[in-house]
Amino acid sequence: PLVSMTEMLRTAKANNYAVGQYNLNNLEFTQAILQAAEEEQSPVICGVSEGAAKYMGGFPAVVSLVKSLMDAYNVTVPVAIHLDHGSSFDKCVQAIHAGFTSVMIDGSHDPLEENIALTKRVVEVAHAAGVSVEAELGRIGGQEDDIVVDDAEAAYAIPEECERLIRETGVDCFAPALGSVHGPYKGEPNLGFNRMEEINNLVGNVPLVLHGGTGLPVEDVKKAIRYGHAKVNVNTESQIAATEKIKEVFEEQPNQYDPRKYLGPAREAIKETVKGKMRDFGSSNQA
Ligand code: G3H
Ligand code: ZN
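Given below as structure tokens:
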């Protein structure tokens with residue numbers, strides 16, 4: 002069934018595993034992610050950035066596609082459709098109207114007071130519609146879509162601010178930036194585990210979200226799960242798997258022109274990547 006993230010993440014945190022958010026980019030990603038979830042019997046979050054939604058035909062088109070494929074594949078596991086890095090109140094409202102079951106409002110570039118005020122407004126409309134909300138504090142480095150944060154700008158979340166944001170806004174989960182990066186890591190990833198533990202102790206049972214899941218050693222992810230993370234976002238790793246597979250096909254068959262002959266194998270590669278993450282995160286057989 003199509004559900005919000007609220008219950009799946011509370012359950013995940015209480016049981017020490019994380020649900021993956023896997024980003025949709027096109028039809029094949031959507032198929033692969035839903036099939037992976039059903040085969041693994043794992044709850045799943047379909048992440049949709051504003052850029053990806055635009056590419057796929059808009060928020061309503063994304064919702065229709067996910068629903069149709071869930072029917073086509075007889076999907077029984079819990080599925081959330083989540084706006085990734087929502088840039089404004091209006092975008093969140095549009096996503097909610099289209100049938101998204103969850104939204105992220107990314108006010109991390111605003112001063113704390115403004116981030117809290119914006120997040121609060123989104124929570125009011127979202128909760129009235131049964132939709133869950135994710136917020137962010139600090140700044141996650143790297144690039145995703147149009148959001149670019151250079152090394153100097155990247156900043157750790159401050160524990161007291163996290164506690165205050167959660168208390169004043171009533172968000173369902175939130176992402177404290179702690180050194181993770183969107184896209185490939187330059188050098189070894191270096192997550193702020195001390196700060197993470199401190200934040201987790203302050204926020205009680207509110208699930209934390211780890212962005213930039215691509216390229217993190219599985220031991221780091223497991224440690225982050227022990228320190229309260231119940232959602233891990235993965236996009237780039239599936240994109241790389243798909244693209245490598247397509248390159249392979251063209252190396253062997255340079256004259257191939259049937260899209261199904263290269264997008265089909267790419268879809269398989271995405272599915273295998275996602276299934277591997279579900280096992281790593283411990284969400285397999287938790288549906
Ligand atoms: O919001 C999406 C994620 O944080 C994706 O990060 O592309 O590095 O896996 P990633
Ligand atoms: Zn992100």
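In UniProt numbering, the protein residues as written are 2 to 288.
We put the beta carbon where it would ideally sit given N, CA and C, even for glycine.
Burial state of Asp173 (16 or more Cβ within 10 Å): Indexing the sequence shown from 1 puts residue 173 at position 172. By the Cβ-count criterion, Asp173 is buried, with 16 or more other Cβ atoms from all chains shown falling within 10 Å of its own Cβ.
Alpha carbon to alpha carbon, how far is Arg261 from Leu10? Give it in angstroms, no decimals. As a first step, residue 10 is located in the sequence shown; it is residue number 9 there, counting from the start. As a first step, residue 261 is located in the sequence shown; it is residue number 260 there, counting from the start. One C-alpha to the other measures close to 36 Å.
In chain order, what residues of the same chain lie with their CB nearer than 7 Å to the CB of Leu192, ignoring the 5 residues before and after it? Here residue 192 corresponds to residue number 191 of the sequence shown, with the count starting at 1. Correct list, in chain order: Leu179, Gly180, Ser181, Asp221, Ala225.
Could you tell me if the beta carbon of His230 falls within a distance shorter than 7 Å of some heavy atom in the ligand ZN? Residue 230 sits at position 229 when you count from the first residue of the sequence shown. Not so, every heavy atom of the ligand ZN lies at least 7 Å from the Cβ.
Taking the alpha helix (DSSP H) that Gly265 belongs to, which residues open and close that run? If you number the sequence shown from 1, residue 265 lands on position 264. Per DSSP, Gly265 belongs to the alpha helix (DSSP H) from 260 to 282.
Rounded C-beta distance between Met57 and Leu84? I'm assuming under 8 Å. On the sequence shown, residue 57 is found 56 positions in, with the first residue counted as 1. On the sequence shown, residue 84 is found 83 positions in, with the first residue counted as 1. 13 Å between Cβ atoms; not a contact.
Can you tell me whether His128 sits near the ligand ZN, meaning its C-beta is under 7 Å from at least one heavy atom of the ligand? What you label residue 128 is simply residue 127 of the sequence shown in a count that begins at 1. It does not: the Cβ of His128 is nowhere closer than 7 Å to a heavy atom of the ligand ZN.
Looking at the ligand ZN, does it come within less than 7 Å of His183, judged from the CB to the closest heavy atom? Taking the first residue of the sequence shown as 1, we reach residue 183 at position 182. Answer for His183: yes, Cβ within range of the ligand ZN.
Report the residue from Gly283, Gly229, Gln144, Leu203 whose alpha carbon sits nearest the alpha carbon of Thr215. By one-based count along the sequence shown, residue 215 stands at place 214. Per the Cα distances, Gln144.
What is the rounded straight-line gap between the Cα of Asn17 and the Cα of Gln254? In the sequence shown, residue 17 corresponds to position 16, counting from 1. In the sequence shown, residue 254 corresponds to position 253, counting from 1. Asn17 and Gln254: Cα-Cα distance of roughly 45 Å.
As an exercise, report each continuous alpha helix (DSSP H) stretch of at least 4 residues that is fully enclosed by the region 115 to 173, in chain order. 160 to 170
Enclosing alpha helix (DSSP H) for Lys232 [first to last residue]: Residue mapping note: residue 232 aligns to position 231 of the sequence shown, counting from 1. Unbroken run through Lys232 is the beta strand (DSSP E), 230 to 235; no alpha helix (DSSP H).
Alpha helix (DSSP H) containing Val78: first to last residue? Indexing the sequence shown from 1 puts residue 78 at position 77. Counting along the chain, Val78 falls outside any alpha helix (DSSP H), and DSSP gives it neither H nor E.
In this structure, how does DSSP classify Gly21 when only helix, strand and coil are distinguished? Walking along the sequence shown from the start, residue 21 turns up at place 20. DSSP places Gly21 in strand when its eight states are reduced to three.
What residues are listed by DSSP as bridge partners for Met105? As a working note, residue 105 is residue 104 in the sequence shown. Note: Met105 sits in a beta bridge opposite Glu135.
If you run the structure through DSSP and keep just helix, strand and coil, what is Gly48? Position 47 of the sequence shown, counted from the start, is the residue given in the question as residue 48. Strand.
Assumed close pair Gly48, Met279 - CB separation to whole angstroms, cut-off 8 Å: Counted from its first residue, the sequence shown places residue 48 at position 47. Counted from its first residue, the sequence shown places residue 279 at position 278. With a Cβ gap of about 14 Å, Gly48 and Met279 do not count as contacting.
Per DSSP, what kind of secondary structure is His86 in: helix, strand or coil? For the purposes of this step, residue 86 is taken as residue 85 along the sequence shown, with counting starting at 1. DSSP, reduced to helix, strand and coil, places His86 within a strand of the structure shown.
Asn116 Cβ short of 7 Å to the ligand ZN heavy atom set: Within the sequence shown, the letter at position 115 stands for residue 116. Checking every heavy atom of the ligand ZN against the Cβ of Asn116, none is found closer than 7 Å.
For the pair the region 74 to 83 and the region 101 to 109, tell me if three or more CB-CB distances fall below 8 Å. Segments in contact, yes.
Boundaries (first-last residue) of the alpha helix (DSSP H) holding Val222: Walking along the sequence shown from the start, residue 222 turns up at place 221. Element bounds for Val222: 219 to 227.
What did DSSP end up calling His110 once you bin it into helix, strand or coil? As a position in the sequence shown, residue 110 is number 109, starting the count at 1. His110: coil per DSSP, three-state reduction.
For Cys163 versus Ile117, is the C-beta distance shorter than 8 Å? Counted from its first residue, the sequence shown places residue 163 at position 162. Counted from its first residue, the sequence shown places residue 117 at position 116. Result no, Cβ atoms of Cys163 and Ile117 do not sit closer than 8 Å.
In the DSSP assignment, find the unbroken beta strand (DSSP E) run with Val210 in it and report its ends. Looking up residue 210 in the sequence shown gives position 209. Run containing Val210: 209 to 211, per the beta strand (DSSP E) assignment.
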